[in-house]
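Trainee: A single structure is presented below for examination.
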Amino acid sequence: MASLARADMQAMMAMHSAVISSDARRAMVKSVAALKMEKDHHRLFLAIDKVTKPCRGLRNNFAHHIWGACDELPDAMLLIDPTAIIDFRVWLATSSRADSRPNHHDRMFVYFENDLKEAVKTMEEGLALVSTFVMLGHERGEVRAETQKLLESQPQVAQALQSLSRKNGPEIQ
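Note that the sequence shown covers residues 9 to 181 in the working numbering.
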């Protein structure tokens with residue numbers, strides 16, 4: 009963010025770290041990007057941000073949810089939203105057994121080996137896009153043009169760019 013804002017790196021990182029909410033951090037970065045990036049670079053930034061949203065969701069779930077296992081699915085790992093566990097603990101502590109037990113199967117995910125491999129692949133692809141975009145900010149001339157063309161030619165990025173063009177009209181193109 010500091011290099012993007014052309015500002016004091018240490019001060020910018022301290023400010024960014026002080027913001028606890030990841031949504032607030034994203035909003036900060038997007039605001040700086042809108043202010044400081046060239047139009048075509050900003051448009052690509054928005055497209056990559058859109059494409060990598062599922063990667064961020066996976067990463068956040070993997071980092072902040074609770075991993076588990078069960079005898080019924082010995083070849084699987086379970087990933088449980090922590091709020092489901094909190095609800096269950098509250099039910100245990102405050103409810104009579106006659107009360108209906110909370111059912112949060114919609115907040116539990118089952119991962120088999122192939123699912124985990126696919127998740128890793130998704131996150132690696134997202135990381136590659138973001139890393140290449142970051143490099144683009146440090147390149148000049150033909151190298152920058154080629155890197156930008158490479159990013160724009162990625163199918164998901166090209167689709168996101170088209171979507172942005174339709175959504176925002178000619179002013180963002």
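Heads up, the beta-carbon is just placed ideally off N, CA and C, and yes, glycines get one too.
#1: Taking the beta strand (DSSP E) that I74 falls in, what are its first and last residues?
#2: One question on the structure: do D188 and F120 come within less than 8 Å of each other, judged by their Cβ atoms?
#3: Does the beta-carbon of T91 have 16 or more other beta-carbons within 10 angstroms, so that it is buried, or is it exposed?
#4: Looking at the strands, I want to know which residues DSSP matches up with V59.
#5: Round the Cβ separation of F117 and L87 to the nearest angstrom and send it over; I've been treating them as touching at under 8 Å.
#6: Would the beta-carbon of V165 fall within 8 Å of that of V59?
#7: What residues in its chain sit with their C-beta under 8 Å from that of L144, if we drop five residues either side in the sequence?
#8: Based on the DSSP secondary-structure assignment, which residues constitute the bridge partners of M116?
#9: Would you call A74 buried or exposed, if buried means 16 or more other Cβ atoms sit within 10 Å of its Cβ?
Mentor: The relevant details are as follows:
#1: In the DSSP annotation of this structure, the continuous segment of the beta strand (DSSP E) that includes I74 starts and ends at 74-76.
#2: Only positions 9 to 181 of the chain appear in this structure, which leaves residue 188 out of reach.
#3: It is exposed - the Cβ of T91 has fewer than 16 other Cβ atoms within 10 Å.
#4: Answer by DSSP bridge pairing: none, since V59 is not bridged.
#5: At roughly 4 Å, the Cβ-Cβ gap stays under 8 Å, so F117 and L87 are in contact.
#6: Yes, these two residues count as a Cβ contact at 8 Å.
#7: H49, L52, R152, T155, Q156, L159.
#8: M116 pairs with I88.
#9: It should be noted that the sequence gives Ile, not Ala, for residue 74. Of the other Cβ atoms in all chains shown, fewer than 16 fall within 10 Å of the Cβ of I74; this residue is therefore exposed.
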